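Report on one structure; see the data block that follows.
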Amino acid sequence: MTESRDWPAKLDPIVEEFSACFDSMERYELLFQYAKRNPSPLPQEEWSEGNQVHGCQSRAHVSCSLDEDGNFVLRGGADAQIVQGLIAITSIAVNGMTPSYVSEMSPLFAEEMGIKSSLTPSRANGFLNMFKRVQDEASMLAGGN
0 MTESRDWPAK
10 LDPIVEEFSA
20 CFDSMERYEL
30 LFQYAKRNPS
40 PLPQEEWSEG
50 NQVHGCQSRA
60 HVSCSLDEDG
70 NFVLRGGADA
80 QIVQGLIAIT
90 SIAVNGMTPS
100 YVSEMSPLFA
110 EEMGIKSSLT
120 PSRANGFLNM
130 FKRVQDEASM
140 LAGGN
């Protein structure tokens with residue numbers, strides 16, 4: 000993590016892109032674009048009760064694993080484009096990082112991007128529930144409790 004922020008440097012261009020938006024509608028449009036190009040989708044046929052994110056307004060599912068080099072891999076899917084976009088950005092942030100790094104990463108990038116203030120309270124809470132779920136799974140994959 001860097002001295003000035005608690006997220007990977009690879010998120011900086013995305014944070015800047017969202018920060019340059021004039022309003023919530025422009026941020027939503029960007030989220031929709033990220034939803035369409037999700038780098039690590041989780042196909043609906045792999046959605047299950049075991050990988051569902053509880054406390055999320057829409058149906059959201061995440062699957063966390065390690066690649067052959069021991070780096071974190073997040074795959075996710077949701078039935079709402081806004082949530083799918085949030086999962087896509089989170090995937091960009093965490094994929095390829097160590098599970099220890101992911102377990103300690105802060106979700107503050109969402110505030111810095113202006114996304115959190117653009118979301119309804121229930122969607123903002125759902126994002127935090129999804130992020131916490133990813134952190135918990137990263138901790139388990141790192142050998143934590």
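Sequential numbering of the sequence shown, starting at 0, is according to numbering that gives the first Met the number 0. Built from N, CA and C at the ideal position, the CB exists for glycine as well. All values derive from a computational prediction rather than experimental measurement.
Beta bridge counterpart(s) of residue i as assigned by DSSP
i   : result
H60 : Q51 and G76
P40 : G75
L65 : F71
Rounded distance between the beta-carbons of residue j and residue i, thought under 8 Å
i    : j    : result
V133 : L73  : 6 Å
A109 : F126 : 6 Å
S90  : S39  : 4 Å
G75  : Y33  : In fact, because the Cβ distance is near 12 Å, the residues do not count as touching under 8 Å.
F17  : M129 : With a Cβ gap of about 18 Å, F17 and M129 do not count as contacting.
Closest Cα partner of residue i within the set the options
i   : options                 : result
H53 : M139, R122 and S138     : R122
F31 : P40, A87, S18 and E111  : A87
Q96 : G125, Q83, M112 and S64 : Strictly speaking, residue 96 in this sequence is Met, with Gln absent from that position. Among G125, Q83, M112 and S64, the Cα nearest to that of M96 is on S64.
R58 : F17, V82 and D68        : V82
P7  : Q51, Y100 and R26       : Y100
E67 : C55, N94 and Q51        : N94
Limits of the alpha helix (DSSP H) - the one that residue i falls within
i    : result
G113 : Premise fails: G113 is in no alpha helix (DSSP H) and is neither H nor E.
G125 : P120 to L140
S105 : First-last for S105: undefined, no H or E at that position.
D22  : Taken as a continuous stretch (DSSP letters only), D22 belongs to no alpha helix (DSSP H), as it is neither H nor E.
Status (buried if at least 16 other CB within 10 Å, exposed otherwise) for residue i
i    : result
Q43  : exposed
M104 : buried
P12  : exposed
P120 : exposed
A19  : exposed
L107 : exposed
F21  : exposed
S117 : buried
R26  : buried
E2   : At E2 the pLDDT is 41, less than 50, meaning the model places this residue with poor confidence and gives no usable figure here.
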